[in-house]
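S.K.:
Numbering (my numbering), first residue to last: 1172 to 1349.
1. Rounded to the nearest angstrom, what separates residue 1333 and residue 1318 at their Cα positions?
2. Between residue 1181 and residue 1287, is the Cβ-Cβ spacing less than 7 Å?
3. Give me the Cβ distance between residue 1296 and residue 1279, rounded to the nearest whole Å; I'm assuming they're in contact under 8 Å.
4. Per DSSP, which residues does residue 1204 bridge with? Please list them.
5. Find the nearest neighbour of residue 1271 within the set 1284, 1285, 1253 and 1281, judged by alpha-carbon distance.
6. Can you tell me whether residue 1348 is helix, strand or coil according to DSSP?
7. For residue 1325, tell me which candidate among 1283, 1303, 1310 and 1208 has the shortest Cα-Cα distance.
8. Rounded to whole angstroms, how far is the Cβ of residue 1311 from the Cβ of residue 1243, which I believe are closer than 8 Å?
9. Just verifying my parser: in three-state terms, what is the DSSP assignment at residue 1212?
10. Are the stretch 1210-1225 and the stretch 1258-1267 touching by the rule of at least three beta carbon pairs closer than 8 Å?
11. Quick one: give me the first and last residue of the alpha helix (DSSP H) that residue 1350 is part of.
12. Where does the unbroken alpha helix (DSSP H) through residue 1259 begin, and where does it stop?
13. Helix, strand or coil for residue 1337, going by three-state DSSP, please let me know.
14. Using the Cβ count rule (16 or more neighbours within 10 Å means buried), how would you classify residue 1206?
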(Lines of atoms letter the chains of each structure in order from A and count residues from 1; the text may use other names and numbers.)
(Lines give C-alpha, C1' and ligand atoms only; values in the text may rest on other atoms or scores of the structure.)
Protein backbone atom coordinates (compact mmCIF):
# COMPACT_ATOMS: atom_id res chain seq x y z
CA UNK A 1 0.00 0.00 0.00
CA UNK A 2 1.46 3.37 -0.97
CA UNK A 3 1.62 6.26 1.44
CA UNK A 4 -1.16 8.13 -0.36
CA UNK A 5 -3.40 5.09 -0.63
CA UNK A 6 -3.40 4.58 3.16
CA UNK A 7 -4.65 8.10 3.88
CA UNK A 8 -7.16 7.90 1.01
CA UNK A 9 -8.36 4.48 2.19
CA UNK A 10 -9.03 5.86 5.66
CA UNK A 11 -11.15 8.68 4.18
CA UNK A 12 -13.09 6.27 1.97
CA UNK A 13 -13.77 3.84 4.82
CA UNK A 14 -14.95 6.72 7.03
CA UNK A 15 -17.22 7.99 4.24
CA UNK A 16 -18.77 4.54 3.85
CA UNK A 17 -19.21 4.22 7.62
CA UNK A 18 -20.82 7.65 7.77
CA UNK A 19 -23.40 6.76 5.11
CA UNK A 20 -24.12 3.31 6.59
CA UNK A 21 -24.51 4.88 10.05
CA UNK A 22 -26.97 7.47 8.75
CA UNK A 23 -29.00 4.90 6.82
CA UNK A 24 -29.01 2.46 9.75
CA UNK A 25 -30.45 5.00 12.20
CA UNK A 26 -32.80 6.75 9.79
CA UNK A 27 -35.73 4.29 10.17
CA UNK A 28 -35.40 4.44 13.97
CA UNK A 29 -35.74 8.22 14.19
CA UNK A 30 -39.07 9.89 14.95
CA UNK A 31 -40.68 11.84 12.10
CA UNK A 32 -39.70 15.18 13.70
CA UNK A 33 -36.16 15.38 15.03
CA UNK A 34 -34.01 17.89 16.86
CA UNK A 35 -31.69 19.18 14.16
CA UNK A 36 -30.15 22.24 15.79
CA UNK A 37 -28.61 22.58 19.22
CA UNK A 38 -27.58 25.55 21.36
CA UNK A 39 -24.07 26.07 22.73
CA UNK A 40 -24.90 23.80 25.67
CA UNK A 41 -26.01 20.98 23.38
CA UNK A 42 -29.72 21.37 24.07
CA UNK A 43 -32.13 21.02 21.15
CA UNK A 44 -33.48 24.36 19.91
CA UNK A 45 -34.50 23.63 16.31
CA UNK A 46 -36.43 20.81 14.66
CA UNK A 47 -36.91 19.35 11.19
CA UNK A 48 -38.25 16.25 9.51
CA UNK A 49 -36.03 13.21 9.74
CA UNK A 50 -35.67 13.24 5.94
CA UNK A 51 -34.43 16.82 6.05
CA UNK A 52 -32.04 15.93 8.88
CA UNK A 53 -30.62 13.01 6.88
CA UNK A 54 -30.30 15.02 3.68
CA UNK A 55 -28.63 17.97 5.45
CA UNK A 56 -26.26 15.62 7.25
CA UNK A 57 -25.23 13.80 4.08
CA UNK A 58 -24.95 17.00 2.03
CA UNK A 59 -22.84 18.70 4.72
CA UNK A 60 -20.46 15.76 5.02
CA UNK A 61 -20.40 15.26 1.26
CA UNK A 62 -19.61 18.92 0.63
CA UNK A 63 -16.75 18.91 3.12
CA UNK A 64 -15.36 15.72 1.59
CA UNK A 65 -15.74 17.11 -1.92
CA UNK A 66 -13.67 20.16 -0.99
CA UNK A 67 -10.99 18.43 1.09
CA UNK A 68 -10.63 15.22 -0.92
CA UNK A 69 -11.04 17.18 -4.15
CA UNK A 70 -8.18 19.47 -3.11
CA UNK A 71 -6.04 16.46 -2.22
CA UNK A 72 -6.54 14.94 -5.66
CA UNK A 73 -6.33 18.24 -7.53
CA UNK A 74 -3.08 19.47 -5.98
CA UNK A 75 -1.17 16.70 -7.80
CA UNK A 76 -2.95 17.21 -11.11
CA UNK A 77 -3.22 20.98 -11.47
CA UNK A 78 -0.94 22.73 -13.96
CA UNK A 79 2.38 23.78 -12.46
CA UNK A 80 1.59 27.45 -13.04
CA UNK A 81 -1.50 27.27 -10.80
CA UNK A 82 0.22 25.30 -8.04
CA UNK A 83 3.22 27.64 -8.13
CA UNK A 84 0.98 30.68 -7.84
CA UNK A 85 -1.44 29.58 -5.12
CA UNK A 86 0.38 27.04 -2.94
CA UNK A 87 1.73 28.61 0.22
CA UNK A 88 4.52 26.66 1.90
CA UNK A 89 7.86 27.77 3.34
CA UNK A 90 10.69 27.88 0.80
CA UNK A 91 8.25 27.14 -2.00
CA UNK A 92 10.80 27.52 -4.83
CA UNK A 93 13.00 24.84 -3.30
CA UNK A 94 10.20 22.34 -2.59
CA UNK A 95 8.52 22.80 -5.96
CA UNK A 96 11.76 22.35 -7.90
CA UNK A 97 11.48 19.41 -10.32
CA UNK A 98 13.50 17.02 -8.13
CA UNK A 99 11.17 17.51 -5.09
CA UNK A 100 7.88 18.52 -6.71
CA UNK A 101 6.12 15.15 -6.91
CA UNK A 102 7.04 14.08 -3.38
CA UNK A 103 6.10 17.52 -2.04
CA UNK A 104 2.67 17.49 -3.67
CA UNK A 105 2.09 13.90 -2.54
CA UNK A 106 2.86 14.90 1.06
CA UNK A 107 0.48 17.86 0.87
CA UNK A 108 -2.15 15.60 -0.65
CA UNK A 109 -1.78 13.13 2.24
CA UNK A 110 -2.20 15.94 4.75
CA UNK A 111 -5.42 16.90 2.96
CA UNK A 112 -6.71 13.33 3.20
CA UNK A 113 -5.88 13.23 6.93
CA UNK A 114 -7.63 16.59 7.44
CA UNK A 115 -10.67 15.20 5.61
CA UNK A 116 -10.63 12.20 7.96
CA UNK A 117 -10.52 14.49 10.99
CA UNK A 118 -13.44 16.59 9.73
CA UNK A 119 -15.49 13.50 8.94
CA UNK A 120 -14.79 11.96 12.36
CA UNK A 121 -15.94 15.19 14.00
CA UNK A 122 -19.12 15.27 11.92
CA UNK A 123 -19.71 11.57 12.57
CA UNK A 124 -19.42 12.06 16.34
CA UNK A 125 -21.73 15.09 16.34
CA UNK A 126 -24.33 13.36 14.16
CA UNK A 127 -24.27 10.32 16.42
CA UNK A 128 -24.80 12.57 19.43
CA UNK A 129 -27.79 14.19 17.69
CA UNK A 130 -29.20 10.76 16.88
CA UNK A 131 -28.86 9.71 20.54
CA UNK A 132 -30.81 12.80 21.60
CA UNK A 133 -33.52 12.05 19.05
CA UNK A 134 -33.79 8.44 20.20
CA UNK A 135 -34.17 9.65 23.83
CA UNK A 136 -30.84 8.10 24.79
CA UNK A 137 -29.49 11.49 25.91
CA UNK A 138 -30.99 14.85 26.91
CA UNK A 139 -28.40 16.93 25.08
CA UNK A 140 -25.29 16.62 22.96
CA UNK A 141 -22.64 15.20 25.24
CA UNK A 142 -19.20 16.77 24.91
CA UNK A 143 -20.08 18.59 21.69
CA UNK A 144 -17.58 21.38 22.31
CA UNK A 145 -14.87 18.83 23.08
CA UNK A 146 -15.66 16.99 19.83
CA UNK A 147 -15.52 20.23 17.84
CA UNK A 148 -12.29 21.33 19.51
CA UNK A 149 -10.63 17.94 18.92
CA UNK A 150 -11.69 17.98 15.27
CA UNK A 151 -10.36 21.50 14.79
CA UNK A 152 -7.11 20.65 16.56
CA UNK A 153 -6.58 17.71 14.19
CA UNK A 154 -7.26 19.88 11.13
CA UNK A 155 -4.96 22.65 12.37
CA UNK A 156 -2.31 20.02 13.20
CA UNK A 157 -2.46 18.89 9.57
CA UNK A 158 -1.71 22.45 8.45
CA UNK A 159 1.06 22.89 11.00
CA UNK A 160 2.58 19.61 9.88
CA UNK A 161 2.87 20.97 6.33
CA UNK A 162 4.52 24.17 7.56
CA UNK A 163 6.98 22.37 9.85
CA UNK A 164 7.80 19.70 7.27
CA UNK A 165 8.69 22.21 4.58
CA UNK A 166 10.43 24.74 6.79
CA UNK A 167 13.83 23.06 6.51
CA UNK A 168 15.66 22.33 3.29
CA UNK A 169 16.98 18.83 3.02
CA UNK A 170 14.24 17.30 5.15
CA UNK A 171 12.08 14.73 3.44
CA UNK A 172 8.46 15.67 2.70
CA UNK A 173 7.26 12.19 3.67
CA UNK A 174 4.59 11.63 6.31
CA UNK A 175 5.64 9.52 9.32
CA UNK A 176 1.98 8.57 9.90
CA UNK A 177 1.87 6.88 6.49
CA UNK A 178 5.16 4.99 6.81
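Heads up, the beta-carbon is just placed ideally off N, CA and C, and yes, glycines get one too.
M.R.: In terms of the structure at hand:
1. Counting from 1 along the chain shown, the entry for residue 1333 is found at position 162. Counting from 1 along the chain shown, the entry for residue 1318 is found at position 147. So the two alpha carbons sit approximately 23 Å from each other.
2. Position 10 of the chain shown, counting from 1, holds the residue named residue 1181. Position 116 of the chain shown, counting from 1, holds the residue named residue 1287. Result yes, Cβ atoms of residue 1181 and residue 1287 sit closer than 7 Å.
3. On the chain shown, residue 1296 is found 125 positions in, with the first residue counted as 1. On the chain shown, residue 1279 is found 108 positions in, with the first residue counted as 1. That pair is no contact at about 26 Å.
4. Position 33 of the chain shown, counted from the start, is the residue given in the question as residue 1204. According to DSSP, residue 1204 bridges with 1218.
5. Position 100 of the chain shown, counting from 1, holds the residue named residue 1271. Residue 1253 is the option with its Cα nearest to residue 1271.
6. By one-based count along the chain shown, residue 1348 stands at place 177. Because residue 1348 carries a pLDDT of 47, less than 50, the predicted location of this residue cannot be relied on, and no value is offered for it.
7. Start at 1 with the first residue of the chain shown, and residue 1325 comes out as number 154. Selected option, being the one with the closest Cα: 1283.
8. The sequence position of residue 1311 within the chain shown is 140, counting from 1. The sequence position of residue 1243 within the chain shown is 72, counting from 1. Not a contact, Cβ separation roughly 33 Å.
9. Sequence index remark: in the chain shown, residue 1212 carries index 41 (1-based). The answer is coil: DSSP assigns residue 1212 none of H, G, I, E or B.
10. no
11. Here the chain has residues from 1172 to 1349 only, and residue 1350 is not among them.
12. Here residue 1259 is taken as the residue at index 88 of the chain shown, counted from 1. Here residue 1259 belongs to no alpha helix (DSSP H), and DSSP marks it neither H nor E.
13. Here residue 1337 refers to the residue found at position 166 when the chain shown is read from its first residue. Here residue 1337 sits in coil by DSSP.
14. Translated into positions along the chain shown, residue 1206 becomes position 35. Answer is buried; the Cβ neighbour count reaches 16.
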